[in-house]
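If you read the sequence shown in the numbering used here, its first letter stands for residue 1395, the second for the next number, and so on.
The beta carbon of each residue, even a glycine, is placed where N, CA and C say it ideally should be.
Values in this document were obtained by computation on a predicted structure and should not be read as measured data.
Have a look at the structure below, then the notes.
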Amino acid sequence: HILYVSTRQQGNPVLDYIRNVPFEFSETMTKPDYMMGQTRCALFLSIEFHRQNPAYIQRRIHELNKDDDSNKFEVKVLLCLV
């Protein structure tokens, strides 16, 4: 198993805590921040960023759901940094 990470997550301090699974950056991943297999994904959100941009996460979720194959991601996780 491998965790695919969007290149926009480079420098994210959360990556320092991922130790038990190898991960690699993917330039082709545009919608989710992380992919854990073909049907599982995660979006990352810091509370600080959310306070400054409250509509951001709704837009990201909407983008994920409007995929051509709406059932592509059976499991969607919101990873929050408090």
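Check whether chain D comes within 8 Å of M1430, counting only Cβ atoms and requiring the distance to be less than that. Going by chain labels, chain D is absent from the structure shown, which holds only one protein chain.
How would you call F1467, buried or exposed, if buried means at least 16 neighbouring beta carbons within 10 angstroms? Classification of F1467: buried, given that the 10 Å Cβ count is 16 or more.
Identity of the residues DSSP links to E1418 by a beta bridge: Y1398
Short of 7 Å in beta carbon distance, which residues of its chain neighbour C1474, apart from the five on each side in sequence? Order them along the chain. Excluding sequence neighbours, C1474 sits near L1439, I1441.
Between which two residues does the alpha helix (DSSP H) containing F1443 stretch? Counted as a single uninterrupted DSSP element, the alpha helix (DSSP H) harbouring F1443 occupies residues 1441-1446.
Might you give, ordered along the chain, the residues of its own chain that have their beta carbon closer than 6 Å to the beta carbon of P1416, omitting 5 neighbours on each side? I1396
Label D1410 either buried or exposed according to how many other C-beta atoms from any shown protein chain fall within 10 Å of its C-beta, with 16 as the threshold for buried. exposed
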